[in-house]
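*Asks:* Residue numbering for the sequence shown follows this note's numbering, beginning at -16 and increasing consecutively. Note that beta-carbon positions come from the ideal geometry of N, C-alpha and C, so glycine has one too.
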Amino acid sequence: MRFAGKTVVITGGSSGIGRGSVELFLREGATVVMGDIDEAQGTAMMSSLGDSFLFKKCDVTQESEVKALMDFAAEQTGGIDVVFNNAGAGGPRDAIDEISGDDWDFAMALLLKSVAMGIRHAAPHLKKRGGGAIVNTASVCAFQAGYGPIAYSTAKAGVLHLTKIAAAELAQYKIRVNAICPGFIQTNIFAATVGANEDEAREINAFLGQAAAGVQPVARPGVPGDIAEAAAYLASDAAGFVTGTHLLVDGGLLVGTQASWNPEIPGMLDAILPEHLR
Ligand code: NAI
-16 MRFAGKTVVI
-6 TGGSSGIGRG
4 SVELFLREGA
14 TVVMGDIDEA
24 QGTAMMSSLG
34 DSFLFKKCDV
44 TQESEVKALM
54 DFAAEQTGGI
64 DVVFNNAGAG
74 GPRDAIDEIS
84 GDDWDFAMAL
94 LLKSVAMGIR
104 HAAPHLKKRG
114 GGAIVNTASV
124 CAFQAGYGPI
134 AYSTAKAGVL
144 HLTKIAAAEL
154 AQYKIRVNAI
164 CPGFIQTNIF
174 AATVGANEDE
184 AREINAFLGQ
194 AAAGVQPVAR
204 PGVPGDIAEA
214 AAYLASDAAG
224 FVTGTHLLVD
234 GGLLVGTQAS
244 WNPEIPGMLD
254 AILPEHLR
């Protein structure tokens, strides 16, 4: 019960990582206020998750709605202790020489400005509480090319820098700010990005499960609970000396090439040395 008596605000909690986090923070004793654009799912969660769960419709691309979510959480529960800025989607997939300015603006509003506004409008409430913790969802896409669309990846890299600067500015108020960089996690995001239907979405996640052993050293798919555990750690008192940084939760996806962890793949020395000198 690490969060008994605490109010935790989570965005994008109708599905995937956010949903897993809602459930974990509730199990740990928190009152959870969840904001999401998916009103039907949020309302259904209100009837299934009990009195410690509140939902408010919130489109994180709209500053006024982000502010309204934070104000609602504070009014309804007496204050805010933790904010998990997590909502997101894959966004436009066009190449750098094809993407439109409007699509670029949308991706930045959804994935970067939304986090900035989440921090902006949570901070006054966290200050009133005498401190708190903010966790932002970034991605492995922040580090390398090839894991996601260009605007998405650029925005996620921005989330890491925003996390650092915000942590520096807010430390004086005892507010910690950190980010999580998930690897491939079985959620709806891939299906939503390619516009798949429900059957195709199941197929995508089953495929991700089977492919996991060839994708990263930890031979199982990442699940929302893996990221929820990281969010709970960063939000908890156990991380009291941790701020302005990120936690990579990717099953080792970024440790190196497949040759570095899979003995069946020829290593770099095999690739660059003549056979008799290996
Ligand atoms: P998901 O599709 O399962 O959940 C995303 C949630 O965000 C949904 O509930 C959706 O309704 C909500 N949402 C989308 N646009 C919104 C908006 N404008 N306003 C409010 N809510 C909105 O996807 P997932 O995977 O759980 O994504 C959560 C976060 O994790 C995102 O920021 C995503 O970029 C990030 N992430 C996911 C990875 C993965 O492999 N699943 C990897 C790295 C990062």
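(1) Taking 7 Å as the line, does the beta carbon of residue 168 fall inside it for any heavy atom of the ligand NAI?
(2) DSSP beta-bridge partners for residue 162?
(3) In this structure, how does DSSP classify residue 37 when only helix, strand and coil are distinguished?
(4) Closest by CA to residue 153, which one among 115, -16, 24 and 0?
(5) Where does the unbroken beta strand (DSSP E) through residue 19 begin, and where does it stop?
(6) Could you tell me the alpha carbon to alpha carbon distance between residue 43 and residue 101, rounded to whole angstroms?
(7) Going along the chain, which unbroken runs of the beta strand (DSSP E) with 3 or more residues stay wholly within the region 177 to 222?
(8) Going by CA-CA distance only, name the one from -5, 220, 199 and 3 that's closest to residue 98.
(9) Within this structure, are the beta carbons of residue 30 and residue 170 separated by less than 8 Å?
(10) Can the beta-carbon of residue -7 be found closer than 8 Å to that of residue 207?
(11) Reducing DSSP to helix, strand and coil, say where residue 44 ends up.
(12) Within its chain, find whatever has a CB closer than 7 Å to the CB of residue 80; leave out the 5 residues flanking it on each side and keep chain order.
(13) Could you check whether residue 8 and residue 242 sit closer than 8 Å to each other, using their CB atoms as the reference points?
(14) Let me confirm a value: residue 194 is counted as buried when at least 16 other C-beta atoms fall within 10 Å, else exposed. Which label applies?
(15) For residue 222, which residues from the same chain have a beta carbon less than 6 Å from its beta carbon, with the 5 sequence-adjacent residues on both sides left out?
(16) Grab the span of the alpha helix (DSSP H) containing residue 5 for me, first residue to last.
(17) Buried or exposed for residue 263, please, with buried defined as at least 16 other CB atoms from any protein chain shown within 10 angstroms of its CB.
(18) Can you grab the Cα-Cα spacing for the pair residue 14 / residue 112, in whole Å?
(19) Rounded C-beta distance between residue 36 and residue -9? I'm assuming under 8 Å.
(20) Can you confirm whether the region 239 to 256 touches the region 140 to 152 when touching is taken to mean that 3 or more C-beta pairs between the two stretches lie within less than 8 Å?
*Replies:* Reading off the structure:
(1) Reading the sequence shown from its first residue, position 185 is the one you call residue 168. For the ligand NAI, at least one heavy atom lies less than 7 Å from the Cβ of residue 168.
(2) Walking along the sequence shown from the start, residue 162 turns up at place 179. Beta-bridge pairing links residue 162 to 119 and 229.
(3) Against the sequence shown, residue 37 aligns to sequence position 54. In the structure shown, residue 37 falls within a strand segment according to DSSP collapsed to helix, strand and coil.
(4) By one-based count along the sequence shown, residue 153 stands at place 170. If we check each option's Cα against that of residue 153, 115 comes out closest.
(5) By one-based count along the sequence shown, residue 19 stands at place 36. 14 to 19 is the span of the beta strand (DSSP E), which, as asked, contains residue 19.
(6) Walking along the sequence shown from the start, residue 43 turns up at place 60. Walking along the sequence shown from the start, residue 101 turns up at place 118. C-alpha separation (whole angstroms): 8 Å.
(7) Runs of the beta strand (DSSP E) lying entirely within the region 177 to 222 and spanning at least 3 residues: none are present.
(8) Taking the first residue of the sequence shown as position 1, residue 98 is located at position 115. For residue 98, the closest C-alpha among the options -5, 220, 199 and 3 is that of -5.
(9) Taking the sequence shown and counting its residues from 1, the one referred to as residue 30 is at position 47. Taking the sequence shown and counting its residues from 1, the one referred to as residue 170 is at position 187. Cβ distance not < 8 Å, so residue 30 and residue 170 don't count as in contact.
(10) Counting from one through the sequence shown, the residue named residue -7 turns up at place 10. Counting from one through the sequence shown, the residue named residue 207 turns up at place 224. Going by C-beta atoms, residue -7 is not nearer than 8 Å to residue 207.
(11) Along the sequence shown, read from residue 1 onward, the residue named residue 44 stands at position 61. Of the three classes helix, strand and coil, the one that applies to residue 44 here is coil, per DSSP.
(12) As a working mapping, residue 80 is identified with position 97 in the sequence shown. Hits under 7 Å: none found.
(13) Residue numbering aside, residue 242 sits at position 259 when the sequence shown is read from its first letter. Residue numbering aside, residue 8 sits at position 25 when the sequence shown is read from its first letter. Not in contact: residue 242 and residue 8 (Cβ atoms no closer than 8 Å).
(14) Here residue 194 refers to the residue found at position 211 when the sequence shown is read from its first residue. Under a 10 Å Cβ-count criterion, residue 194 is classified as exposed, with fewer than 16 other Cβ atoms of the shown protein chains found around its own Cβ.
(15) Here the question's residue 222 lines up with position 239 in the sequence shown. Correct list, in chain order: 216.
(16) Walking along the sequence shown from the start, residue 5 turns up at place 22. Taken as a continuous stretch (DSSP letters only), the alpha helix (DSSP H) holding residue 5 covers -1 to 10.
(17) Here the chain covers residues -16 to 261 and nothing more, so residue 263 does not appear.
(18) As a working note, residue 14 is residue 31 in the sequence shown. As a working note, residue 112 is residue 129 in the sequence shown. Roughly 15 Å between the two C-alpha positions.
(19) By 1-based counting over the sequence shown, the position of residue 36 is 53. By 1-based counting over the sequence shown, the position of residue -9 is 8. That pair is no contact at about 10 Å.
(20) When Cβ pairs closer than 8 Å are counted between the two stretches, the region 140 to 152 is seen not to touch the region 239 to 256, the count staying below three.
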